[in-house]
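Reading through the structure tokens given below for one structure.
Numbering (my numbering), first residue to last: 7 to 296.
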């Protein structure tokens with residue numbers, strides 16, 4: 007049998023169910039033709055929570071839509087209001103319930119660093135999203151895009167974006183929370199190329215082309231530190247074993263994790279060695295004592 011992976015046609019970057027009904031139908035018809043030919047398995051799209059109604063879901067129910075993502079952004083009404091989202095946390099909850107009832111695969115997108123947001127509110131949003139039992143989530147840092155209303159606030163000193171280090175640590179906490187609850191985090195940070203054409207300039211904010219990698223690197227660093235702190239002796243040579251697929255996460259960007267560990271434990275001999283027997287998110291440490 008041909009083991010090709012699942013192929014979906016995705017409608018992104020807009021508010022799919024907010025389009026006029028005939029536009030929705032014509033897009034779904036076009037996509038459906040590919041599914042009928044057997045080239046594509048199903049359709050997915052992202053939409054605002056307040057566009058999910060029984061009527062609109064009835065419009066699309068005869069089409070092979072399998073996955074719907076909600077742009078929730080926050081589960082705090084004050085943050086949603088400050089960001090001009092035009093929907094409430096309750097809209098997101100009701101939309102999620104309706105989609106689960108109709109057996110759609112449910113994705114939820116959240117943002118950190120919006121106006122009026124805080125670490126506490128972001129972590130609370132994470133907990134509330136977990137309560138909605140989505141199949142997966144995406145976590146996006148808020149960036150200041152030129153000519154946006156956020157750019158005006160930023161230029162007037164009324165909005166301060168998250169610092170990249172702070173943002174990575176916050177997203178790490180959210181990632182670990184979702185993971186503990188068996189919810190896949192399929193993206194952290196914006197994709198470098200596709201989100202930003204040349205005419206969209208980022209003025210400020212925690213943008214990094216490898217944002218997700220920074221989060222994973224910090225998770226691996228935390229694991230190594232907690233093991234090495236608990237061993238509690240002077241190190242001469244240290245060997246850190248991780249799964250081959252996790253080597254770069256353990257090393258960190260530009261070997262930053264290794265530099266950090268060398269400095270913290272006052273040793274120059276730290277090796278990262280691949281071991282296929284170790285699971286992808288585990289770290290083991292062996293060391294020779296001084």
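We put the beta carbon where it would ideally sit given N, CA and C, even for glycine. No experiment lies behind these values; they were computed from the predicted model shown.
Report the option in 114, 13, 230, 286 whose CA atom is closest to the CA atom of residue 277. In terms of CA proximity to residue 277, 230 leads the group 114, 13, 230, 286.
Specify the secondary structure class of residue 233 as computed by DSSP and reduced to three states. It is helical.
Could you tell me the boundaries of the alpha helix (DSSP H) in which residue 77 lies? In the DSSP annotation of this structure, residue 77 is not part of any alpha helix (DSSP H); the continuous beta strand (DSSP E) holding it starts and ends at 71-79.
Inter-residue Cα distance where the pair is residue 281 and residue 222: About 18 Å.
Sequence-distant residues of the same chain with beta carbon closer than 8 Å to residue 45, five excluded per side: Cβ within range, chain order: 13.
Taking three-plus beta-carbon pairs below 8 Å as touching, is the region 181-194 in contact with the region 158-166? No, the region 181-194 does not touch the region 158-166.
Whether or not the region 31-47 and the region 83-98 are in contact is what I'm after, with contact meaning three or more pairs of Cβ atoms, one per stretch, closer than 8 Å; do they touch? Contact annotation: the region 83-98 does not touch the region 31-47, with fewer than three C-beta pairs closer than 8 Å.
To the nearest angstrom, how far is it from the Cα of residue 218 to the Cα of residue 132? Near 17 Å, if we compare the C-alpha coordinates of residue 132 and residue 218.
By the three-class DSSP mapping on this structure, what secondary structure does residue 190 have? Here residue 190 sits in strand by DSSP.
DSSP three-state label for residue 85, please. For residue 85, the secondary structure class from DSSP, reduced to helix, strand or coil, is helix.
Residue 175 - DSSP class collapsed to helix/strand/coil: Three-state DSSP puts residue 175 in a helix.
Using beta-carbon positions only, say whether residue 59 and residue 22 come within less than 7 Å of one another. Going by C-beta atoms, residue 59 is not nearer than 7 Å to residue 22.
With respect to the alpha helix (DSSP H) encompassing residue 22, which residues constitute its N-terminal and C-terminal limits? Note, residue 22: premise wrong, no alpha helix (DSSP H); not H, not E.
Would the region 97-114 count as touching the region 145-157 if we require 3 or more Cβ pairs under 8 Å? No: fewer than three Cβ pairs fall under 8 Å.
Would you decide whether residue 255 is buried or exposed? Buried here means 16 or more other CB atoms lie within 10 Å of its CB. Buried, because 16 or more other Cβ atoms sit within 10 Å of the Cβ of residue 255.
Mapping DSSP to helix, strand and coil, what is residue 212? Residue 212 sits in coil when the DSSP states are folded into three classes, being neither helix nor strand.
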